[in-house]
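Participant: The sequence shown maps to residues 102 to 367 in the numbering used here. The beta-carbon is built from N, C-alpha and C at its ideal position, and this holds for glycine as well. Got a structure for you, questions after.
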Amino acid sequence: MLFRGRYDGSSFAELLEVDFSHLVPRLPDHVAADAVRSGIPEGTTVLALRHADGVLVGGDRLATEGHRVASRDIQKVFQTDNHSLMAIAGAAGPCIEMARVLRIELEHYEKIEGEALELEGKANKLSQMVRSNLPAAMQGLVVVPIFAGYDPRRKLGRLWKYDVTGGRYEEAEFETSGSGGLYARESLKKGWRPDLPRDEAIQIALQALTDAADEDRATGGVDLARGIFPILKLCGPGGVEDVPQSTIETVYREHVRIARTNPSGV
Numbered sequence: 102m103l104f105r106g107r108y109d110g111s112s113f114a115e116l117l118e119v120d121f122s123h124l125v126p127r128l129p130d131h132v133a134a135d136a137v138r139s140g141i142p143e144g145t146t147v148l149a150l151r152h153a154d155g156v157l158v159g160g161d162r163l164a165t166e167g168h169r170v171a172s173r174d175i176q177k178v179f180q181t182d183n184h185s186l187m188a189i190a191g192a193a194g195p196c197i198e199m200a201r202v203l204r205i206e207l208e209h210y211e212k213i214e215g216e217a218l219e220l221e222g223k224a225n226k227l228s229q230m231v232r233s234n235l236p237a238a239m240q241g242l243v244v245v246p247i248f249a250g251y252d253p254r255r256k257l258g259r260l261w262k263y264d265v266t267g268g269r270y271e272e273a274e275f276e277t278s279g280s281g282g283l284y285a286r287e288s289l290k291k292g293w294r295p296d297l298p299r300d301e302a303i304q305i306a307l308q309a310l311t312d313a314a315d316e317d318r319a320t321g322g323v324d325l326a327r328g329i330f331p332i333l334k335l336c337g338p339g340g341v342e343d344v345p346q347s348t349i350e351t352v353y354r355e356h357v358r359i360a361r362t363n364p365s366g367v
């Protein structure tokens with residue numbers, strides 16, 4: 102028998118709240134902030150930048166619990182639909198859950214309405230989700246994502262950063278988040294330009310993550326011994342695509358070769 106509840110809109114999150122509130126995950130009120138922070142893996146450095154054909158979103162693979170390594174190969178970049186991506190920084194569990202719920206939210210909207218939500222509307226949806234996480238953020242479970250994608254209507258890549266209250270701010274060039282974000286941002290400044298080809302976008306993104314790992318102990322760099330590389334995804338008119346690990350390794354080895362040849366960087 103088909104279930105017909107009280108909610109008749111197109112939002113999956115609101116559907117859960119109205120008709121299936123018992124399925125909505127909630128943080129117990131008695132959980133102390135220090136207890137939460139001490140045992141929750143945290144994602145560190147992610148970035149996004151515009152290039153000539155769309156956007157690139159990337160992140161390192163390390164998750165930490167204080168000074169301890171929680172995971173060496175965590176995923177921090179998620180495809181949320183055919184033309185959008187979300188990069189996560191903060192408490193890993195809530196971050197990953199938010200990315201998955203956003204994907205379901207966008208799929209649900211498209212099925213109900215018969216067309217995809219516009220890119221700015223997708224960014225607004227994520228803003229609402231970050232805002233609803235504020236009580237958990239006050240207890241240490243902070244979620245600070247980056248959202249990016251290709252806007253078919255404007256025919257260009259766009260990206261947004263967020264604060265813990267759900268504030269949404271569109272950036273015209275690039276953005277970083279996480280503990281190594283400052284160092285990654287300073288690195289991106291050196292190579293970014295509006296007409297950046299995608300191959301060069303891959304190069305400067307990987308360089309930025311490498312620079313962040315060099316300065317920030319919570320950011321994981323390239324781990325050649327284990328074959329672990331940062332995740333880089335591109336989004337353009339044709340949709341989302343992964344940058345192959347082989348490409349990332351080739352670019353990284355070229356960076357190492359140049360650094361050894363010219364250690365001063367001059």
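Counting Cβ pairs closer than 8 Å, one from the stretch 316-323 and one from the stretch 273-290, do we hit at least three?
Facilitator: Counting Cβ pairs under 8 Å, three or more are found: they touch.
Participant: When you compare each of ASP312, ARG327, LEU307 and TYR270 to THR348 by their alpha carbons, which one comes out closest?
Facilitator: In the sequence shown, residue 348 corresponds to position 247, counting from 1. It is LEU307 whose Cα lies nearest to the Cα of THR348.
Participant: Tell me whether LEU207 sits in a helix, a strand or coil according to DSSP, three-state version.
Facilitator: To locate residue 207, count along the sequence shown from 1; it is residue 106. In the structure shown, LEU207 sits in a helix (DSSP, three-state: H, G or I).
Participant: Spatial neighbours of ILE175 within its chain, please: C-beta separation below 8 Å, excluding the five flanking residues on both sides.
Facilitator: Indexing the sequence shown from 1 puts residue 175 at position 74. Only PRO142, GLY144, ARG162, LEU163, ALA164 and ALA193 meet the Cβ criterion.
Participant: Looking only at C-alpha atoms, which of ARG204, GLU350 and MET187 sits nearest to LEU150?
Facilitator: Here residue 150 refers to the residue found at position 49 of the sequence shown. Measuring from the Cα of LEU150, the nearest candidate turns out to be MET187.
Participant: Since ALA309 and LEU148 should fall inside the 8 Å C-beta cutoff, what is the C-beta to C-beta distance between them, to a whole number of angstroms?
Facilitator: As a working note, residue 309 is residue 208 in the sequence shown. As a working note, residue 148 is residue 47 in the sequence shown. So it is a contact: roughly 6 Å between Cβ atoms.
Participant: Would you call ALA190 buried or exposed, if buried means 16 or more other Cβ atoms sit within 10 Å of its Cβ?
Facilitator: The count along the sequence shown starts at 1 and reaches residue 190 at position 89. So ALA190 ends up on the buried side.
Participant: Could you check which residue in GLY106, THR146, ARG107 and LEU157 has the C-alpha nearest to that of LEU299?
Facilitator: Locating residue 299 in the sequence shown gives position 198, where the first residue counts as 1. In the sequence as displayed, the identity of residue 299 is Arg instead of Leu. Cα-wise, what sits closest to ARG299 is LEU157.
Participant: Can you grab the Cα-Cα spacing for the pair ARG138 / GLU166, in whole Å?
Facilitator: Residue 138 sits at position 37 when you count from the first residue of the sequence shown. Residue 166 sits at position 65 when you count from the first residue of the sequence shown. Because ARG138 carries a pLDDT of 49, less than 50, the predicted location of this residue cannot be relied on, and the following value inherits that uncertainty. Cα-Cα distance, rounded: 8 Å.
Participant: How long is the line joining the alpha carbons of ALA217 and GLU211, rounded to whole angstroms?
Facilitator: Position 116 of the sequence shown, counted from the first residue, corresponds to residue 217. Position 110 of the sequence shown, counted from the first residue, corresponds to residue 211. ALA217 and GLU211: Cα-Cα distance of roughly 5 Å.
Participant: Which runs of the beta strand (DSSP E) spanning at least 3 residues fall entirely within the stretch 248-308, listed in chain order?
Facilitator: Runs of the beta strand (DSSP E) inside the stretch 248-308: 257-263, 269-272 and 275-278.
Participant: Kindly indicate the opening and closing residues of the alpha helix (DSSP H) around ILE359.
Facilitator: Your numbering for residue 359 matches position 258 in the sequence shown. Here the alpha helix (DSSP H) through ILE359 covers 346-362.
Participant: Near ILE197, which residues of its chain fall below 7 Å by C-beta distance, leaving aside the five closest residues on each side in sequence?
Facilitator: To locate residue 197, count along the sequence shown from 1; it is residue 96. Cβ neighbours of ILE197 beyond the five flanking positions: ILE189.
Participant: Roughly how many angstroms lie between the CA atoms of GLU287 and THR277, to the nearest whole one?
Facilitator: Walking along the sequence shown from the start, residue 287 turns up at place 186. Walking along the sequence shown from the start, residue 277 turns up at place 176. If I take the Cα positions, the gap works out to 10 Å.
Participant: Check for me: the alpha helix (DSSP H) holding ALA217 runs from which residue to which?
Facilitator: In the sequence shown, the residue the question calls residue 217 occupies position 116. Taken as a continuous stretch (DSSP letters only), ALA217 belongs to no alpha helix (DSSP H), as it is neither H nor E.
Participant: Can you tell which of LEU333, THR266, TRP261 and GLU208 has the C-alpha that lies nearest to the C-alpha of ALA238?
Facilitator: Within the sequence shown, numbered from 1, the residue matching residue 238 stands at position 137. Here the closest residue by C-alpha is THR266.
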